[in-house]
Structure formats: C-alpha cells, structure tokens
Amino acid sequence: MNSDNNNNDQHFMQRAFELAQQAEQLDEIPVGAVVVYQGEIIGEGFNQSILLNDPSAHAEMIAIRQAGKHLNNYRLLDCTLYVTLEPCPMCAGLLVHSRVKRLVYASPDLKTGAAGSAFNLVDSSQLNHQLVVNNGIMAEQCSELLSGFFKRRRAEKKSNKKLILNKK
Ligand SMILES: [Zn+2]
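Sequential numbering from 0 applies to the sequence shown in numbering that gives the first Met the number 0.
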C-alpha cells in the first residue's frame, strides 16, 4: 500500500515537474502543480504571473481553480495537491480554504515557504482545516530547475547592463 502511494506520488510529481518546465520556457519562475482526485489529475497549472499580469497566477492557484470547476465544487475534499516548490503564504491559505486533504511538495522554500519552512499555515490549530503534508519527492530535480533559472536570469541581467553601459 505504502509503496503504491510512493509510486503514485512519483508519477504525479513528474507531471508537475513537466509543467514547471513549461513555465520556464515562457520565462516564468518554474513551478508546476497538479490536483489529483481518485487517482486522476483534475487540475493542472504552472506559474503565469508575468504572462497574465496577475500576481495571484501561481501554479497552485491555477490548478485549484481548474479542479474546482471540474468537481463543480468550491471544496476539494479528498484531493491531493502536488507542487514542485513549497507553497507561499497565499497558496497555503488557498489550500486551507479549498479543504485539500493532502499536500505533496518537492523542494522546500526556506525563505518564504508556508508549509513548515518559514511559516506553517497548512497545519495550524488556529485555522479550521489542517492538511497532511509530505515532501522531498523529486526535490533535487525541482530545485535544480529553479536555481538554474535564477542563475540564468542573473547572468542575463548582468549582460543587459553591460550592453546599456557600452552604449553610453
Ligand atoms: Zn503561491
């Protein structure tokens, strides 16, 4: 049973990883998420904040909106959300509101993660819903995708600056 669960987790995190790669191709911070209900993906998303001019367009937000439409319900009871990076406070709050049962994330976000790293909103007795949380599946791949992205972006900014300076 347990190893079945692990296999499934690996499978769904792989899909979240592919979505994160799609975000990267669009120059968005590479984070991907899927919502799973009864062994089936019912919502998918990747970061699109820049593309949509929408600071709330995080991967989790998009996946959960899609899942709610699919279930025709604003509560995502018995669903699991897989995401490649530990959710931020906004998305962790959304997970509580949506009553998602379980959260599985790959890499921790030590600076702003709200599922135990910097804050813990998903398992707080002050809120009216707590999630089961698992982490670490595909953590290395997912954090490498992120750190590679930021490294490249820093290098691009630097070379842009040089171009501007050279023109003066
Ligand atoms: Zn978020």
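We put the CB at the ideal spot given by N, CA and C, even for glycine.
**Item:** Of the residues 24, 8, 159 and 48, the one placed nearest residue 35, counting alpha carbons only
**Value:** Here residue 35 is taken as the residue at index 36 of the sequence shown, counted from 1. Nearest C-alpha to residue 35: 8.
**Item:** residue 66 versus 88, 92 and 98, residue with shortest Cα-Cα distance
**Value:** The residue you call residue 66 lines up with position 67 of the sequence shown. Measuring from the Cα of residue 66, the nearest candidate turns out to be 98.
**Message:** Only counting the same chain, and skipping five residues up and downstream in sequence, which positions put a Cβ closer than 6 Å to that of residue 134?
**Reply:** Along the sequence shown, read from residue 1 onward, the residue named residue 134 stands at position 135. Exclusion of the five residues before and after residue 134 leaves 104 as the residues of its chain whose Cβ lies within less than 6 Å of its Cβ.
**Asked** Any heavy atom of ligand 1 closer than 7 Å to the Cβ of residue 155?
**Response** By 1-based counting over the sequence shown, the position of residue 155 is 156. No, Cβ of residue 155 sits at least 7 Å from all heavy atoms of ligand 1.
**Message:** Does the CB of residue 50 have a neighbour CB from chain D at under 8 Å?
**Reply:** Going by chain labels, chain D is absent from the structure shown, which holds only one protein chain.
**Request:** Would you mind reading off the limits of the beta strand (DSSP E) that contains residue 78?
**Result:** Here the question's residue 78 lines up with position 79 in the sequence shown. Start and end: 78-84.
**Asked** Going by other Cβ atoms of all chains shown within 10 Å of its Cβ, with 16 needed for buried, is residue 29 buried or exposed?
**Response** Position 30 of the sequence shown, counted from the start, is the residue given in the question as residue 29. Residue 29 should be labelled buried.
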